[in-house]
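Q:
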């Protein structure tokens, strides 16, 4: 299973699930070793297809770092933290998440839009 690390150590993603808000954006940055890149994407696509079918899902885009970067970033929009937490906690999603190799590191964080 990929290692989950907090982007903001003061506010880990699981603590963010407690805040009832929405719509939200999940930005999840993955550090993927070069030799895992080809096998990572099919696993991620399976997870993405599952999430797209869940109540409260709005959209998803995957981005990759430029040049020789080992970073991939998933940006997903959800109607609420509750919808994301329910989908994330489902046994089916957890089974798929367990398929990621241990040398992949994931930095998920939840954001809400602010007016600038």
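Residue numbers (full-length UniProt numbering): 1 to 116. Think of the CB as a built atom: it goes at the ideal place given N, C-alpha and C, for glycine as much as any other residue.
What does the alpha-carbon distance come out to for the pair residue 51 and residue 78?
A: Using only the alpha carbons, I get a separation of about 10 Å.
Q: Given a cut-off of 9 Å, decide if residue 106 and residue 16 are closer than it, judged by their beta-carbon atoms.
A: Their beta carbons are not under 9 Å apart, which means residue 16 does not touch residue 106 by this criterion.
Q: Helix, strand or coil: how does DSSP classify residue 6 here?
A: Here residue 6 sits in coil by DSSP.
Q: To the nearest angstrom, report how far apart residue 85 and residue 55 are at their CA atoms.
A: Each residue's alpha carbon lies about 11 Å from the other.
Q: Report all residues from its chain with a CB closer than 6 Å to the CB of residue 61; omit the five preceding and five following residues, and keep chain order.
A: Answer for residue 61: 75, listed in chain order.
Q: What are the partner residues of residue 71, as DSSP defines its beta bridges?
A: For residue 71, which the question treats as bridged, DSSP gives the partners 31.
Q: When you compare only the Cα positions, how much space is there between residue 63 and residue 73?
A: Answer to the nearest angstrom: the Cα atoms are 5 Å apart.
Q: Give every residue of the same chain whose Cβ lies closer than 7 Å to the Cβ of residue 111, excluding the five residues on either side of it in the sequence, and list them in chain order.
A: The residues are 24, 25, 27.
Q: My parser needs the alpha helix (DSSP H) runs of 4 or more residues fully inside the UniProt domain "ABM" (24–114); what are they?
A: Segments of the alpha helix (DSSP H) lying fully in the UniProt domain "ABM" (24–114): 37–52, 81–89, 91–97.
Q: Assuming residue 80 and residue 21 form a contact by the criterion Cβ under 8 Å, report the distance between their Cβ atoms to the nearest whole angstrom.
A: Right, their Cβ atoms sit about 7 Å apart.
Q: Under 9 Å between the Cβ atoms of residue 2 and residue 67?
A: No, Cβ-Cβ distance for residue 2 and residue 67 is not below 9 Å.
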